[in-house]
Amino acid sequence: MTISQRIAIAAAEAGLPSDQCMSCERQGLPILPLRRALVPDTRPECITTVAGSLHISAKMGLRTLRMGYLYVLLDQQVWHAYEVSEQGHLRRFNPYEPSDGLPASLPEKCVNENHDIPSSFLNIDTDRYGSAWLAFSSDPWPASVLNAYKKGQAPAHRFEGVDLTQARNNPELLGIAMTPDNLQVDKEVFEYVQRGCSPFDSAHGFHSRWLRRFAMRGYLVNAMNRHTLENGVLAVVLDDTVGLIQEFNHQRLNWVVKRQVWREAHMRAYQLQTSQILQAIRATQREWAAQKVPSLEPMTGDGPPVFVDPAVERQRLVERAQLESDERLEERYHEPKRAAFQAEYDQQEAEFQRFIDKDARAYAALFDTPMFKVAEQYDYDGDHRESGVAYAKTMALCLGGGITEAVAPDVSPAADTTETLWQKWLQDPDSPPYRALLMRDRALLAGLLPSFSDVTNWNDSDKLYGMLSKIIASDDAGLRMRNTLKQAIAETQGALNAASQRLAPNLPPGIQTAVRHLNSATQFLYNGVHLIELEVKMKLGEYYALQSAHLRELQHKANASIAEARDRMPRTIADSDIHSTKAWNKVRPIIQHGLMSLAVLDPRFTNTMISVSVWVEGTAEDVRGRLIDEASMRVTQASSAAQIALMDISVAAGTLEANARKVLQDMRITSQQAAQLVRTGFSGLRGVAGSWDLLLAVGGLYLQHDSLSRNQAKAEVEIGPKAHEAKLAFHGSQLGILGGQIEVIGLVMRSSVSAIRRPWAEGIAITGEAIIKIGAVLSAVAGVFDTAQANLARKRTLAIGDTKAALQYKYAALASGAGTVAFALAVFRPFVFGPLGLAISLSLVAYELSKRAEKNESNALERWARRCYFGLANETPSIHWNAPEFSDIAFAELNAATLGVQARLNFESSMATDPTLPKIGGLVSLSTVQQLKFLVVLPSFNKAKSAYRWKLIAHRVGDGAFPDYVGGESIASGDYFSHPIRPLSPSSSFSKFTPPRHPDYVSDFSTDEYQRPYHSEDGGVFQLEISGVVPLVPTIGSHSLSAATLLVMYWPDRNLPDAYIEVCSRGMNE
């Protein structure tokens, strides 16, 4: 090619006419570009109702172009390029100099002059060119991509070829031939057929041209006359596989969001949790009934002859005892009502999953098509930073949401599912997810590659760290300032994290190392956050105590918000009835914080040392400086040798900064510092400069789940194979901590997607990328929790397999069937359950109810069943937790019933008369004799190890209103080696009280202690019961002592200050 030819081509490509509007005054043969896309199927049988909202099925059809870029290669030499606006209007631009930002809408001047029709067409000078090759792209192509396609270095099937002679003379051979008498597009193209698209919701929006059909006819008349087109104007259909993938992804994630909104209905969520707890209680009671049936095997060989098989006879007796157990429980609640609700709920869940899976299958299949592969491989250049950024954003819309099939533990991924797709991608270092997260940067991808090895090589991670540092130092693209890019990275990172954790059993171990390094890399690259993984030695009991302390804080905040909501509940006319008012007050007495299980505090393994992984923020030098400063301060303040004791820390393999090992070598920290590191790790990465960044939250969730899982595995090795309750206790607390992090992500979504007007709260229909953004994060977060929940279920199954534990744990399968269904609520609406939600209630029921079935425990559970949502509430006065606003009370009562720690008090009254008074005129001096009874029950108490503190507080008129008192007199208390920790329960500590005019209780009452031994344990451990009766001074009318509070704090092992249970019970003197 000569120099003059090259100059002519360059002039044809870049020399745009200055006297024409590049949107509506372009000259040449008009061709209308269309795309293959999903469109609604408007047949009546395709419109249905799902969970109360309209749904319309979709099918393949034709649409106008979405926002993007149209490239035309003329005679395989000259490029013409068009920006396509959101409305589908075209503006020609210099292909080598795309404008910054998104394609702009048609200028207002053009709109006012009805130029929207000509701007929908591309134009080609058929006197100069004989062929055109058309391709639509989501993003502008850099010069390297343009040259590769022009020179034939990239596959030609990326383009749709058009013979321009045929386009003039026989357009029907190339596509749709439009004439004024027969538009055809008014029957085949969605925008020309429909005035509106509801209830269909498209990823790329909808801009109807239904009202522009008459104008289109007029334009065709003029075009056919001007260009002498006898057979009409051509409309050519282009491939848009990337857009189709985004559309199918949008549809499946739309279902994820719809399902979430449906689940989040407060009452439905509360009913679900109550139903599942009742099922667990029912199954547990059945096992207790079975345990009580003795063996019928003869003890010696000299008994009378037996004519029935003892095993068969015992089974018959077991079945009868279980039937009686069911009947006894069903006397307390309405089983048909519960079963009907559960069946309806499960049916609706299955319907949602069917719709999700249908779209997911079509979505997954498109990734294996030649058109996606060529566009993904050749449309972008990682050496061109803007092209890499565009790739990351486009792939986020394709990949967001990750795996959406329901979790099926121990089942290999099925063909044609998103599970199979992600399993393939995770094992390919050059797959779209990895390339998107690193913007196709070849150096970064090469640096990540060694991480896939099963052997840790610190030099390899240092190379990746060095490359990241180099990019950040130059920061030529201002990556940290690009919020849309960070949002896209967060969506892709979330999908990859959830997939890697879900598929972990089917993946080589090196994959998890690579994902760990990738999370560190994206935090460093896009947020400037350095992360270092440390390992510290810690006692098993201490680690669990720290988990419990974190959960205690989370639940305390949740209880406070629920109590506020309860106070705002409207009171009905019926509530003015005195008995209803009493019940209203009585339903609010218990607050409980603390441990979920006593099993971990078993002396057999509570002092076992394990290595705990934690993530800290900062460079190695920063971390070292902080730890040294803190250590010197801690030693100065420490009051015991145990607090001064130093321990080693080491840098773990998740760290990218190889220099960290050298800097932190031989570093020793105090036990208090180790505890603080672990405590901080439970909060994820949200502490960075007070940031609520979504990428931080998503990355923090992954790293938190990853470290918790590995710590869990180490703990299980130390605990041994038989201690099922302790293992499950750790799993339950892990779920709760993850729940707290999930709530953080919900808050981030509320703040960062404010433009979407919080559809999860307002039920507003939202369109386009917003659904993908919300659905992608929702799906990824739920996926992480689904994995944790599935692991818990798997542990329970293993417990069932143990022959010795079979009877104790068979019921756990029922409890684990409750799944993550309700827990995902924490993402957008943590109100119902608090951040612990299903994790506490279900895992707690599942492993704590397996202990011995003593009569009082059974009664406590039956009392809970009577008062729950499905309960008969046939007490007098009635107590009924029939609204979500009572969930904190319901779960506190359940916690008390399962753990066995009790704090009970009640006022007893009787009528009395003084026999010395005259009887004339009847009972003149009628007075009320009252007494206040209280009981504290502490299970697994050991005098050598345990500690407690309790106090009984009296309230009078002037001390505030029930239950939020501002004053009170401590009239009894007890303390046994307790720690000076302030109670979390509100209105439980007072510096003042309202004194009575006259003494209103007898102060010289006694307190009794009773040690109830356990049959199966050594004599050092027993159930401690502390009780007393406070006589009140008789009075006529209302007593001045109007209420009382009983606060109990219990440390099963006083060597672990954070491992305590707190129960606060209140009662009114009615």
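The numbering of the sequence shown is the UniProt record's numbering, which starts it at 1 and goes up by one. Quick reminder that beta carbons are idealized off the backbone N, C-alpha and C, glycines included.
Could you spell out the range, first to last residue, of the beta strand (DSSP E) harbouring residue i?
{"i": "P980", "result": "Where P980 is concerned, there is no enclosing beta strand (DSSP E), given that its DSSP letter is neither H nor E."}
{"i": "I669", "result": "R668 to T670"}
{"i": "K537", "result": "L531 to K539"}
{"i": "I47", "result": "I47 to V50"}
{"i": "M60", "result": "A58 to T64"}
Starting from residue i, trace the alpha helix (DSSP H) both ways and give me its first and last residue.
{"i": "D110", "result": "Looking at the sequence shown, residue 110 is not Asp but Cys. Its alpha helix (DSSP H) spans residues E108 to N112."}
{"i": "P336", "result": "E335 to L366"}
{"i": "M224", "result": "R213 to R226"}
{"i": "C398", "result": "R385 to L399"}
{"i": "I879", "result": "From DSSP, I879 is part of no alpha helix (DSSP H); its letter is neither H nor E."}
{"i": "Y192", "result": "F190 to V193"}
{"i": "L507", "result": "Here L507 belongs to no alpha helix (DSSP H), and DSSP marks it neither H nor E."}
{"i": "G243", "result": "T241 to R263"}
{"i": "R209", "result": "That residue, R209, is in no alpha helix (DSSP H); it is neither H nor E in DSSP."}
Should residue i be labelled buried (16 or more other beta-carbon atoms within 10 Å of its own) or exposed?
{"i": "T876", "result": "exposed"}
{"i": "H705", "result": "buried"}
{"i": "P509", "result": "exposed"}
{"i": "F828", "result": "Confidence in F828 is poor, its pLDDT being 37 and thus under 50, which makes the residue's placement unreliable; the coordinate value appears in the next sentence. Classification for F828: buried."}
{"i": "H517", "result": "buried"}
{"i": "G1028", "result": "buried"}
{"i": "Q902", "result": "buried"}
{"i": "D379", "result": "buried"}
{"i": "G625", "result": "exposed"}
{"i": "D116", "result": "buried"}
{"i": "K486", "result": "buried"}
{"i": "N182", "result": "exposed"}
{"i": "G243", "result": "buried"}
{"i": "W210", "result": "exposed"}
{"i": "P505", "result": "exposed"}
{"i": "M633", "result": "exposed"}
{"i": "I7", "result": "exposed"}
If the criterion is Cβ atoms closer than 8 Å, does the pair residue i and residue j meet it?
{"i": "A1059", "j": "D1053", "result": "yes"}
{"i": "M439", "j": "A488", "result": "no"}
{"i": "S970", "j": "K945", "result": "no"}
{"i": "A954", "j": "F977", "result": "no"}
{"i": "A375", "j": "R158", "result": "yes"}
{"i": "L122", "j": "I31", "result": "yes"}
{"i": "L695", "j": "A490", "result": "yes"}
{"i": "S611", "j": "E553", "result": "no"}
{"i": "V957", "j": "T994", "result": "yes"}
{"i": "G681", "j": "S709", "result": "no"}
{"i": "V221", "j": "P33", "result": "no"}
{"i": "T513", "j": "S451", "result": "yes"}
Between residue i and residue j, what straight-line distance do the alpha-carbon atoms span, to the nearest angstrom?
{"i": "E419", "j": "D75", "result": "44 Å"}
{"i": "A339", "j": "S275", "result": "8 Å"}
{"i": "S887", "j": "Y345", "result": "19 Å"}
{"i": "I1061", "j": "M1049", "result": "6 Å"}
{"i": "Q342", "j": "K373", "result": "45 Å"}
{"i": "S1003", "j": "L932", "result": "12 Å"}
{"i": "N711", "j": "I649", "result": "15 Å"}
{"i": "S94", "j": "F136", "result": "One point to set straight first is that residue 94 is Asn, not Ser, in the sequence displayed. About 16 Å."}
{"i": "S474", "j": "R385", "result": "12 Å"}
{"i": "V261", "j": "N1055", "result": "45 Å"}
{"i": "L905", "j": "D975", "result": "18 Å"}
{"i": "K537", "j": "W864", "result": "41 Å"}
{"i": "N259", "j": "G700", "result": "Note on identity: in this sequence residue 259 is Arg, with Asn being the wrong assignment. C-alpha separation (whole angstroms): 25 Å."}
{"i": "A280", "j": "L861", "result": "11 Å"}
{"i": "L253", "j": "I356", "result": "8 Å"}
{"i": "D430", "j": "V389", "result": "17 Å"}
{"i": "E533", "j": "G466", "result": "18 Å"}
Segments assigned alpha helix (DSSP H), at least 4 residues, entirely inside the segment 79-147: 108-112
Ranges of the alpha helix (DSSP H) found wholly within the segment 403-453, counting only runs of at least 4: 418-426, 432-437 and 442-448
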